[in-house]
Amino acid sequence: MSDAPLNPLGNAIVACYALGKCYDVVLEPGVTARDTTFNLVVAFRMGDEALIILEVKLHRRDVDILETQMDEMYALGYHISLLKRGIRIGALHIYTSRQPPELANRWTAAVYLPPDPREVPTHVDNAIDQLLNKLRVRC
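Here my numbering is used: the first residue of the sequence shown is 559, the next is one more, and so on.
This is the structure we're talking about:
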């Protein structure tokens, strides 16, 4: 699981990206589906048609099991009603200790934050672009 004290850093990294590329950003949105509330991390608009909701996990050490609330939303089929309304959901795993593992599902991307802070925006940009491609979002 992610390390709770650093989750605001992961949120901030993605929010900085979103503020530079998107129309609007909302931190910590909540989604309620069939009496289940999911507390997510960031939502942003891409163009006129797509709203992206991301769950961001920041990992400071090796993690074997990568779990997100998005996994549950996809498993229960809640993403379908959101998709019909032009809302895409996904998860972004940010690693500070090593290169991330390959991820099998289509709603998740991972990125390694390099030690050089000047390289961070490029790495985050590439990971989010990869995720948007998986979610079939055109920017």
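All C-beta atoms, glycine included, are put in the ideal place defined by N, C-alpha and C.
Where residue i falls: helix, strand or coil (DSSP)
i      : result
Ala668 : strand
Arg676 : helix
Met559 : For Met559, the pLDDT reaches just 35, beneath the cut-off of 50, and the residue's location in the model is therefore unreliable, although a value from the coordinates is still provided. Coil at Met559, not helix or strand.
Ala662 : coil
Glu613 : strand
Leu650 : strand
Under 7 Å between C-beta atoms of residue i and residue j
i      : j      : result
His651 : Leu624 : yes
Gln688 : Ala667 : yes
His681 : Val695 : no
Ala649 : Met628 : yes
Local Cβ density within 10 Å of residue i, reported as buried at 16 or more and exposed below that
i      : result
Arg619 : exposed
Lys615 : buried
Leu641 : exposed
Glu613 : buried
Arg646 : buried
Pro563 : Bear in mind that a pLDDT of 41 at Pro563, under 50, signals an unreliable position, so the model cannot answer this.
Contact belief for residue i with residue j at Cβ below 8 Å, rounded distance in angstroms
i      : j      : result
Leu609 : Gly644 : 6 Å
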